[in-house]
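> Chains as they are written, first to last, in the working numbering: chain P, 11 to 415; chain R, -9 to 82.
Where is the CB? At the ideal position from N, CA and C, for every residue including glycine.
(1) What's the call for residue 394 of chain P, buried or exposed, on a 16-neighbour Cβ count within 10 Å?
(2) DSSP three-state label for residue 5 of chain R, please.
(3) Indicate the three-state DSSP secondary structure (helix, strand or coil) for residue 188 of chain P in the structure shown.
(4) Looking at the secondary structure, which residues open and close the alpha helix (DSSP H) in which residue 312 of chain P lies?
(5) Going by DSSP, what residue range makes up the alpha helix (DSSP H) through residue 244 of chain P?
(6) Whose Cβ in chain R lies nearer than 7 Å to the Cβ of residue 400 of chain P?
(7) Taking residue 256 of chain P as part of the beta strand (DSSP E), name the residues at either end of that continuous run.
(8) Are the beta-carbon atoms of residue 382 of chain P and residue 34 of chain P separated by less than 8 Å?
(9) How far does the alpha helix (DSSP H) with residue 130 of chain P in it reach, from first residue to last?
(10) Using a Cβ-Cβ cut-off of 6 Å (strictly less than) and excluding sequence neighbours within five positions of residue 5 of chain R, which residues of its own chain qualify?
(11) Name the two residues that bound the continuous alpha helix (DSSP H) containing residue 114 of chain P.
(12) Among P:384, P:349, P:396, P:342, which residue has its Cα nearest to the Cα of residue 408 of chain P?
(13) Below 7 Å between beta carbons is the criterion; list the residues of the segment 307 to 326 of chain P that meet it against any residue of chain R, in chain order.
(14) Quick one: is residue 38 of chain R near chain P, going by C-beta distance under 8 Å?
(15) Residues in its own chain within less than 6 Å of residue 115 of chain P by CB, not counting five upstream and five downstream?
(16) Taking just the CA atoms, how far does residue 238 of chain P sit from residue 11 of chain R?
(17) At which residues does the alpha helix (DSSP H) containing residue 368 of chain P begin and terminate?
(18) What in chain R is Cβ-close to residue 40 of chain P, meaning under 8 Å?
(19) Report all residues from its chain with a CB closer than 6 Å to the CB of residue 120 of chain P; omit the five preceding and five following residues, and keep chain order.
(20) Cutting at 7 Å between CB atoms, please list the residues of its own chain near residue 191 of chain P, excluding the five before and the five after it.
(21) So who's on the other strand from residue 360 of chain P, going by DSSP bridges?
(22) Taking beta-carbon pairs under 7 Å, can you tell me which members of the segment 278 to 312 of chain P lie near chain R?
(23) Got a sec: is the Cβ-Cβ distance from residue 22 of chain R to anything in chain P below 8 Å?
(24) Mind listing the chain P neighbours of residue 64 of chain R? Cutoff is C-beta to C-beta under 7 Å, in chain order.
(25) Can you name, in chain order, every residue of its own chain whose Cβ lies under 7 Å from the Cβ of residue 74 of chain R, other than the five neighbours on each side?
(26) If you draw a straight line from the alpha carbon of residue 250 of chain P to that of residue 95 of chain P, how long is it in whole angstroms?
(27) Closest Cβ-Cβ distance between residue 415 of chain P and chain R: below 8 Å?
(28) What residues in its chain sit with their C-beta under 7 Å from that of residue 71 of chain R, if we drop five residues either side in the sequence?
(29) Residue 34 of chain R CB to nearest chain P CB: under 8 Å?
(30) So, helix, strand or coil for residue 406 of chain P, using DSSP?
(31) Do the segment 355 to 362 of chain P and the segment 205 to 218 of chain P make contact, defined as three or more Cβ pairs closer than 8 Å?
(32) Anyone know if the C-beta pair for residue 361 of chain P and residue 240 of chain P falls short of 8 Å?
(33) First and last residue of the beta strand (DSSP E) that includes residue 14 of chain P?
(34) To the nearest angstrom, how far is the alpha carbon of residue 262 of chain P from that of residue 208 of chain P?
(35) Going along the chain, which residues of its own chain have a beta-carbon closer than 8 Å to the beta-carbon of residue 160 of chain P, five neighbours each way excluded?
(36) According to DSSP, residue 271 of chain P sits in a beta bridge with which residue or residues?
In structure tokens:
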């Protein structure tokens, strides 16, 4: 039995050695870093760019999230940036010439208490006023839309209704990263993996480069896109940020027949569930309460999330957990991201996306690229400036963002 | 899952405890004298180290008392446990 191995398919991007200097150095080749590189080239013609990645491309939270895409946030600033992302998601597969299985199957946010109902209806009205598709469903309509949800009044926390965003959905996260990487590479941007930033080169108050495990790299501007490790980078500059890094866990079942037509999120019993294209059920939970950088969390979080899933979906009782994992999410005091400049000249910040960064990927990259290129905040990014923690103009999404943080 | 040694009750499972974030953050002695930026630092900014971290825990399902723990944020190894009010222990 001897078969010739098939030809290895063409690589989607080059593996260049770092140059001595770049106009822009992006730290972190996850979704946001890659999208930033892509939009720097597409929108601003800036292609003298390196994206440095200490591990492998899109191997951090981009590989670990539950791929939910939605824009049904309560606060205007949040809804605006996530809706911008959703509109970009709708055209990106064609633009990037890469099918990343974006499936607009809708998202249900279940209400289990009177407070949930009031919050949900309020959010539906707020979303509609902002031009975002949103509906309120009563329990019968929930059952019609997603027949496998247990809408019996007999359960501990009966389903009293749900918000529905029909344009929401899921996408295949790895393919998103690869699609962005391929296009960024085609613009001549260097994607450099296995290159950890270990320090910054300063000239007075300005950053002029980075020290890395592959030597010193000069930079006109340095743009952080390092999610849970942002604090460790900022510490190198003595810059203290309002971020706390927490483990966030998720799990998948074995492959099952298609049974789950949509995405279901429950803030109150605290689980979110969708079914990936291959057939595995994908479930996420809340963050572990403590700070952690270990990319693993505590088992009781998994137990709690499974209990919630089983109450909502009795049909899953015999499914097996195939794999659990954790990522590191950087959470801000108001559960909203930080995008923009810093007190250190030429250093830009994109962090604090907490549990919700994947859905924002294209908008995050686009407004960040614009902010870096022009030196002034993009209008959608302006409310998310670091200064809001001093001015008090917080974007308080705790409990308002249709998910508990 | 963490196994945390409450100074009063002994080793208990993590689910009995409530997390309180960074320890040894003193309330400013004269808040009125702080600038907005200094107040923001006190209100919103905490250390976020990759390594040993001095943090507060409360034995919420037990004696309900607060105490301090030094825990490594990568390995989750608990390096010290001490009652609230004591100075931060020196970890070698």
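A quick look at the data gives this:
(1) As a working mapping, residue 394 of chain P is identified with position 384 in the first chain. So residue 394 of chain P counts as buried.
(2) On the second chain, residue 5 of chain R is found 15 positions in, with the first residue counted as 1. Three-state result, residue 5 of chain R: helix.
(3) Your numbering for residue 188 of chain P matches position 178 in the first chain. Residue 188 of chain P falls in the helix class under three-state DSSP.
(4) Position 302 of the first chain holds residue 312 of chain P. Start and end: 309 to 322.
(5) To locate residue 244 of chain P, count along the first chain from 1; it is residue 234. From DSSP, the alpha helix (DSSP H) with residue 244 of chain P extends over 240 to 246.
(6) What you label residue 400 of chain P is simply residue 390 of the first chain in a count that begins at 1. Within 7 Å of the CB of residue 400 of chain P, the CB atoms of chain R belong to 26, 27, 30, in sequence order along the chain.
(7) Locating residue 256 of chain P in the first chain gives position 246, counting from the first residue. Run containing residue 256 of chain P: 254 to 265, per the beta strand (DSSP E) assignment.
(8) Position 372 of the first chain, counted from the first residue, corresponds to residue 382 of chain P. Position 24 of the first chain, counted from the first residue, corresponds to residue 34 of chain P. Contact flag set, yes.
(9) Here residue 130 of chain P corresponds to residue number 120 of the first chain, with the count starting at 1. Element bounds for residue 130 of chain P: 124 to 139.
(10) Indexing the second chain from 1 puts residue 5 of chain R at position 15. Within the same chain, residue 5 of chain R has no close Cβ partners at all.
(11) Within the first chain, the letter at position 104 stands for residue 114 of chain P. No alpha helix (DSSP H) holds residue 114 of chain P; DSSP gives it neither H nor E.
(12) Sequence index remark: in the first chain, residue 408 of chain P carries index 398 (1-based). Checking every option, the nearest Cα to that of residue 408 of chain P belongs to P:342.
(13) 308, 309, 310
(14) Locating residue 38 of chain R in the second chain gives position 48, where the first residue counts as 1. True, the Cβ-Cβ gap to chain P drops below 8 Å.
(15) Position 105 of the first chain, counting from 1, holds the residue named residue 115 of chain P. Answer for residue 115 of chain P: 179, 272, listed in chain order.
(16) Counting from 1 along the second chain, the entry for residue 11 of chain R is found at position 21. Counting from 1 along the first chain, the entry for residue 238 of chain P is found at position 228. CA-CA distance, residue 11 of chain R to residue 238 of chain P, rounds to 17 Å.
(17) Looking up residue 368 of chain P in the first chain gives position 358. Here the alpha helix (DSSP H) through residue 368 of chain P covers 367 to 384.
(18) Your numbering for residue 40 of chain P matches position 30 in the first chain. Correct list: empty, because the minimum Cβ distance to chain R is about 18 Å.
(19) For the purposes of this step, residue 120 of chain P is taken as the residue at position 110 of the first chain. Cβ neighbours of residue 120 of chain P beyond the five flanking positions: 169, 172, 276.
(20) The residue labelled residue 191 of chain P in the question sits at position 181 within the first chain. Once the five neighbours on either side are set aside, the close Cβ partners of residue 191 of chain P are 22, 23, 44, 67, 201.
(21) Within the first chain, the letter at position 350 stands for residue 360 of chain P. Its beta-bridge partners are P:349.
(22) Within the segment 278 to 312 of chain P, the residues whose Cβ lies closer than 7 Å to some Cβ of chain R are 299, 300, 301, 302, 303, 304, 308, 309, 310, listed in chain order.
(23) For the purposes of this step, residue 22 of chain R is taken as residue 32 along the second chain, with counting starting at 1. So no, residue 22 of chain R is outside the interface.
(24) Residue mapping note: residue 64 of chain R aligns to position 74 of the second chain, counting from 1. Chain P residues near residue 64 of chain R: 303, 304.
(25) For this step, residue 74 of chain R is matched to residue 84 along the second chain. Excluding positions up to five away in sequence, the list reads 56, 57, 58.
(26) In the first chain, residue 250 of chain P corresponds to position 240, counting from 1. In the first chain, residue 95 of chain P corresponds to position 85, counting from 1. Straight-line Cα distance between these residues: approximately 29 Å.
(27) Sequence index remark: in the first chain, residue 415 of chain P carries index 405 (1-based). Residue placement at residue 415 of chain P is poorly supported in this model, since its pLDDT is 47, which falls under 50; the coordinates are not used for a value here.
(28) The residue labelled residue 71 of chain R in the question sits at position 81 within the second chain. Correct list, in chain order: -5, -3, 57, 59.
(29) For this step, residue 34 of chain R is matched to residue 44 along the second chain. Answer yes: the Cβ-Cβ gap between residue 34 of chain R and chain P drops below 8 Å somewhere.
(30) Along the first chain, read from residue 1 onward, the residue named residue 406 of chain P stands at position 396. The answer is coil: DSSP assigns residue 406 of chain P none of H, G, I, E or B.
(31) yes
(32) One-based indexing of the first chain puts residue 361 of chain P at position 351. One-based indexing of the first chain puts residue 240 of chain P at position 230. Yes.
(33) As a first step, residue 14 of chain P must be located in the first chain, where it is residue number 4. Note, residue 14 of chain P: premise wrong, no beta strand (DSSP E); not H, not E.
(34) For the purposes of this step, residue 262 of chain P is taken as residue 252 along the first chain, with counting starting at 1. For the purposes of this step, residue 208 of chain P is taken as residue 198 along the first chain, with counting starting at 1. Rounded to whole angstroms, residue 262 of chain P to residue 208 of chain P spans 34 Å at the Cα level.
(35) The residue given as residue 160 of chain P occupies position 150 in the first chain. Answer for residue 160 of chain P: 169, 321, 322, 323, 324, listed in chain order.
(36) Mapped onto the first chain, residue 271 of chain P falls at position 261. Per DSSP, none; premise fails for residue 271 of chain P.
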